[in-house]
Amino acid sequence: MTAKTRKRGLGRGLEALLADKPTQEVLNQATQIAISRIRPNTYQPRTRFADDELQTLTESIRREGVLMPILVRPRGDGYELIAGERRWRASQAAGLSEIPAVVRDVDDMQALELAIIENEQRDDLTAIESARAYQLMMLEFGCTQQQVAEKIGVSRVQVSNLIRLLQLPEEIQKMIENRELSMGQARPLVGLEASLALRLARQCIADGWSARQMEKEAKKLARGPAGAAAKVQKDADVQALQDELTRKLGLPVEVNCKKDGSGELRIRYTRPAELDGVLKKLRG
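Taken in order, the sequence shown gives residues 1129 to 1412; the numbers are from the working numbering.
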């Protein structure tokens, strides 16, 4: 879905600041700011910046300068990036001391929202990076999946499907981060026993399966003989409960039921702030 077709509440001014090319209005708002006074975005969803892309942009900036101003907000005695980190990094590499920037006094929620939108417009985020960013909106700012969808300009189903990827084993999540697996290829693995999901993921990469082929292979395992090494797909009711808890808590939830009626509930978090968010919701 393109930026033009997404429905967001940013307003024309902010949308223009995230475009690929600057309007005259944006250029008129820009001012030169010392690069040393700018720090990275605390809520930057993108975790990796390809060296070859940065090198290409650095050479472009050496030749033509920074054509599109970055977006920053005041922080202490300096500024924090909201959008344009790649341009900021490349400008440093190019030896610039100043960079054109538009200053906007936005809150933390808007800073995260704008950072996500900028990266997704340029297809810079992996599915896992998007999922973690959406999860952060839910945990730290109390958004529902529907609210995340409306703010970012995607469907609620898209938000739900992405967050479910965080239920996958860490090794598979890294495959997605490395762009070895796409969202479509990885989604059928959600709900499979970890070792089987990992085996399919590796085979998908080795054999170049399409998303449809991966789905076919995952279903084939799910239809395996009774009494196989593990039940590869959860009961529909258990899966529905697991998905509901994941939506409400904003963290990957795994429900494992045993034949004797006992079981365990696992909530996976990666940093203390995520745990604090869950505790607030449970205590509330």
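Note that CB positions come from ideal geometry on N, CA and C, so glycine has one too.
Would the beta-carbon of residue 1349 fall within 8 Å of that of residue 1324?
-> Within the sequence shown, numbered from 1, the residue matching residue 1349 stands at position 221. Within the sequence shown, numbered from 1, the residue matching residue 1324 stands at position 196. Their beta carbons are under 8 Å apart, which means residue 1349 touches residue 1324 by this criterion.
For residue 1165 and residue 1206, the rounded distance between their alpha carbons = Working through the sequence shown from its first residue, we reach residue 1206 at position 78. Working through the sequence shown from its first residue, we reach residue 1165 at position 37. Distance between the alpha carbons of residue 1206 and residue 1165 is about 5 Å.
Pair within 8 Å by beta-carbon distance, residue 1222 and residue 1189 | Taking the sequence shown and counting its residues from 1, one reaches residue 1222 at position 94. Taking the sequence shown and counting its residues from 1, one reaches residue 1189 at position 61. Against a cut-off of 8 Å, the Cβ pair of residue 1189 and residue 1222 comes out as a contact.
First and last residue of the uninterrupted alpha helix (DSSP H) at residue 1262 | In the sequence shown, the residue the question calls residue 1262 occupies position 134. Where residue 1262 is concerned, the enclosing alpha helix (DSSP H) starts and stops at 1255-1269.
Please report how far the alpha carbon of residue 1311 lies from the alpha carbon of residue 1404, in whole angstroms.
-> In the sequence shown, counting from the first residue as 1, residue 1311 sits at position 183. In the sequence shown, counting from the first residue as 1, residue 1404 sits at position 276. Cα to Cα, the separation comes out at about 28 Å.
Determine the extent of the alpha helix (DSSP H) in which residue 1222 is found, giving its start and end residues.
-> On the sequence shown, position 94 is the one that residue 1222 refers to. Per DSSP, residue 1222 belongs to no alpha helix (DSSP H) and is neither H nor E.
Could you check what DSSP says for residue 1329 in three-state terms: helix, strand or coil?
-> Position 201 of the sequence shown, counted from the start, is the residue given in the question as residue 1329. The answer is helix: DSSP assigns residue 1329 an H, G or I state.
Using the rule of at least 16 other Cβ atoms within 10 Å of the residue's Cβ for burial, across every protein chain shown, is residue 1228 buried or exposed?
-> Position 100 of the sequence shown, counting from 1, holds the residue named residue 1228. Around the beta-carbon of residue 1228, 16 or more other beta-carbon atoms lie within 10 Å, marking it buried.
Look up residue 1156 in the DSSP assignment and say whether it is helix, strand or coil.
-> Counted from its first residue, the sequence shown places residue 1156 at position 28. When secondary structure is reduced to three states using DSSP, residue 1156 falls in the helix class.
Thinking C-alpha only, which one of 1195, 1292 and 1372 is nearest residue 1219?
-> The sequence position of residue 1219 within the sequence shown is 91, counting from 1. Out of 1195, 1292 and 1372, the CA that lies nearest to the CA of residue 1219 is found in 1195.
Count the CB pairs spanning the region 1161-1175 and the region 1254-1268 that are closer than 8 Å, and state whether there are at least three.
-> Yes: the two stretches touch, three or more of their Cβ pairs being nearer than 8 Å.
Measure how close the beta-carbons of residue 1239 and residue 1280 come, nearest whole angstrom, since I'm counting them as under 8 Å.
-> Within the sequence shown, numbered from 1, the residue matching residue 1239 stands at position 111. Within the sequence shown, numbered from 1, the residue matching residue 1280 stands at position 152. Not a contact, Cβ separation roughly 14 Å.
Per DSSP, cross-strand counterpart(s) of residue 1382 = In the sequence shown, residue 1382 corresponds to position 254, counting from 1. Looking at the DSSP assignment, residue 1382 forms a beta bridge with 1394.
Does DSSP classify residue 1202 as helix, strand or coil?
-> Residue mapping note: residue 1202 aligns to position 74 of the sequence shown, counting from 1. Here residue 1202 sits in strand by DSSP.
Can you name the start and end residues of the alpha helix (DSSP H) that residue 1273 belongs to?
-> Counted from its first residue, the sequence shown places residue 1273 at position 145. Segment 1273-1280, the alpha helix (DSSP H) holding residue 1273.
Helix or strand or just coil, what does DSSP make of residue 1228?
-> Taking the sequence shown and counting its residues from 1, the one referred to as residue 1228 is at position 100. Three-state result, residue 1228: strand.
Residue 1167 by DSSP, collapsed to three states: which one?
-> To locate residue 1167, count along the sequence shown from 1; it is residue 39. Strand, per DSSP.
Pair within 8 Å by beta-carbon distance, residue 1377 and residue 1347 = Position 249 of the sequence shown holds residue 1377. Position 219 of the sequence shown holds residue 1347. Taking 8 Å as the Cβ cut-off, residue 1377 and residue 1347 do not qualify as a contacting pair.
Where residue 1148 and residue 1382 are concerned, what is the direct C-alpha to C-alpha distance, given to the nearest angstrom?
-> What you label residue 1148 is simply residue 20 of the sequence shown in a count that begins at 1. What you label residue 1382 is simply residue 254 of the sequence shown in a count that begins at 1. If you draw a straight line from the Cα of residue 1148 to the Cα of residue 1382, it comes to about 40 Å.
Measure the Cβ-Cβ separation of residue 1208 and residue 1170 and say whether it is below 8 Å.
-> Residue 1208 sits at position 80 when you count from the first residue of the sequence shown. Residue 1170 sits at position 42 when you count from the first residue of the sequence shown. Cβ distance < 8 Å, so residue 1208 and residue 1170 count as in contact.
Short CB-CB distance (under 8 Å) between residue 1268 and chain B = No chain B appears in the structure shown, which is made up of a single protein chain.
C-beta atoms of residue 1127 and residue 1400 nearer than 8 Å = A query on residue 1127 cannot be resolved here, the shown segment of the chain reaching from 1129 to 1412 and no further.
List the DSSP bridge partners of residue 1208.
-> Taking the first residue of the sequence shown as 1, we reach residue 1208 at position 80. According to the DSSP secondary-structure assignment, residue 1208 is paired through a beta bridge with 1167 and 1201.
Give the DSSP-derived three-state secondary structure of residue 1147 in the structure shown.
-> Residue mapping note: residue 1147 aligns to position 19 of the sequence shown, counting from 1. Residue 1147 sits in coil when the DSSP states are folded into three classes, being neither helix nor strand.
Which whole-angstrom value is the C-beta distance of residue 1256 and residue 1305, which I expect to be below 8 Å?
-> Here residue 1256 refers to the residue found at position 128 when the sequence shown is read from its first residue. Here residue 1305 refers to the residue found at position 177 when the sequence shown is read from its first residue. In this structure residue 1256 is in contact with residue 1305, their Cβ atoms being roughly 5 Å apart against a cut-off of 8 Å.
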